[in-house]
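Asker: This structure is in structure tokens; I'll ask about it shortly.
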Amino acid sequence: MTRVQVLVADDHGVIRNGLKKILDDTPDLEFAGEACDGKSLLEKVRERNWDMLILDLSMPGRNGLELIRLVREVRPQLPMLIFTMHQEEQYAVRALRAGASGYLTKEFDGDFLLSAIRKVATGGIYVSAKVAELLASDVSKPQHAPLHTLLSNREYEVFSRLVRGVSLTAIAFEFSLSIKTVSTHKSHLLEKMGLANQTDLVRYAVTHGLLDAEPDNSSMQHSSTI
């Protein structure tokens, strides 16, 4: 049997090791490569044709949505499953729009993960019931759509960091932008959302369930709990 060659991109070694155990213990799947940041991922993607990619959105060096687009430019046909701690409301629709083939949060167990991997590897699209609902809402474009859906991907990335208390300087460094550019994004997103300041942004994020904790190495103490 030819095993599916899976490339895993996650900045947490414990996650990569847990996925390696799950994949290598599965007859039809193989942990064939790994990357710990955006730069090494793009290098790996250019090296060869992988059967599929499992990608975390929180990768050093590149923001998640931009990384999906860059991978798509290099390997347009590469099946890509997003496996992340970010809840569906935050990034699922944007990730699928950017070119991902599926979206799964790390709270799901190994059986869900294997089902998602197999579905994506064979050319399918994998979404949870929650993501399917979000996609349906996005397609219908209700008149009173949530204000954060009006933001561009870059504006949303800035928004998501501002509401977690990340400074403009740190955001600028992460995205390799000037502080002035980040400040302009902040002004634009406040204007689009009709909000006055960062406190209003945080209040909005809490109300709409757009805040979550940062990933923790302890989130995957044992592979069977992925």
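Just so you know, we're using our numbering here: the sequence shown kicks off at 3 and counts up by one. The beta carbon of each residue, even a glycine, is placed where N, CA and C say it ideally should be. Predicted, not measured: the structure shown is a model, and the values here were computed from it.
Rounded to whole angstroms, what is the Cα-Cα separation between L136 and Q92?
Answerer: To locate residue 136, count along the sequence shown from 1; it is residue 134. To locate residue 92, count along the sequence shown from 1; it is residue 90. Their backbone Cα atoms lie some 10 Å apart in a straight line.
Asker: Output the distance between the C-alpha atoms of I56 and P29, rounded to the nearest integer angstrom.
Answerer: Start at 1 with the first residue of the sequence shown, and residue 56 comes out as number 54. Start at 1 with the first residue of the sequence shown, and residue 29 comes out as number 27. Between I56 and P29, the C-alpha separation is close to 18 Å.
Asker: If you run the structure through DSSP and keep just helix, strand and coil, what is A94?
Answerer: Translated into positions along the sequence shown, residue 94 becomes position 92. Helix.
Asker: For the alpha helix (DSSP H) holding Y158, just list the boundary residues, first then last.
Answerer: For the purposes of this step, residue 158 is taken as the residue at position 156 of the sequence shown. It spans N155 to L164 - the alpha helix (DSSP H) in which Y158 sits, taken as one unbroken run.
Asker: Tell me where the beta strand (DSSP E) around Q181 begins and ends.
Answerer: Sequence index remark: in the sequence shown, residue 181 carries index 179 (1-based). For the record, residue 181 in the displayed sequence is Ile; it is not Gln. That residue, I181, is in no beta strand (DSSP E); its alpha helix (DSSP H) goes I181 to M195.
Asker: Looking at the structure shown, is E45 part of a helix, part of a strand, or coil, going by DSSP?
Answerer: For this step, residue 45 is matched to residue 43 along the sequence shown. The answer is helix: DSSP assigns E45 an H, G or I state.
Asker: Could you tell me how far apart the beta carbons of D13 and D58 are, in whole angstroms, since I believe they sit closer than 8 Å?
Answerer: Taking the first residue of the sequence shown as 1, we reach residue 13 at position 11. Taking the first residue of the sequence shown as 1, we reach residue 58 at position 56. Contact flag correct, Cβ pair sits at about 7 Å.
Asker: Would you identify the three-state DSSP class for D32, choosing helix, strand or coil?
Answerer: Taking the sequence shown and counting its residues from 1, one reaches residue 32 at position 30. Residue 32 is actually Glu in this sequence, not Asp. Strand at E32.
Asker: Can you tell me the Cβ-Cβ gap for M54 and D39, rounded? I've got them flagged as a contact below 8 Å.
Answerer: As a working note, residue 54 is residue 52 in the sequence shown. As a working note, residue 39 is residue 37 in the sequence shown. Not really, about 20 Å apart at Cβ, beyond 8 Å.
Asker: Checking the sheet assignment: what are the DSSP bridge partners for L57?
Answerer: Along the sequence shown, one-based indexing puts residue 57 at 55. Note: L57 sits in a beta bridge opposite A11 and I84.
Asker: Would you kindly work out how many angstroms separate the C-alpha atoms of L149 and A198, rounded to a whole number?
Answerer: Indexing the sequence shown from 1 puts residue 149 at position 147. Indexing the sequence shown from 1 puts residue 198 at position 196. If you take the alpha carbons of L149 and A198, they lie about 14 Å apart.
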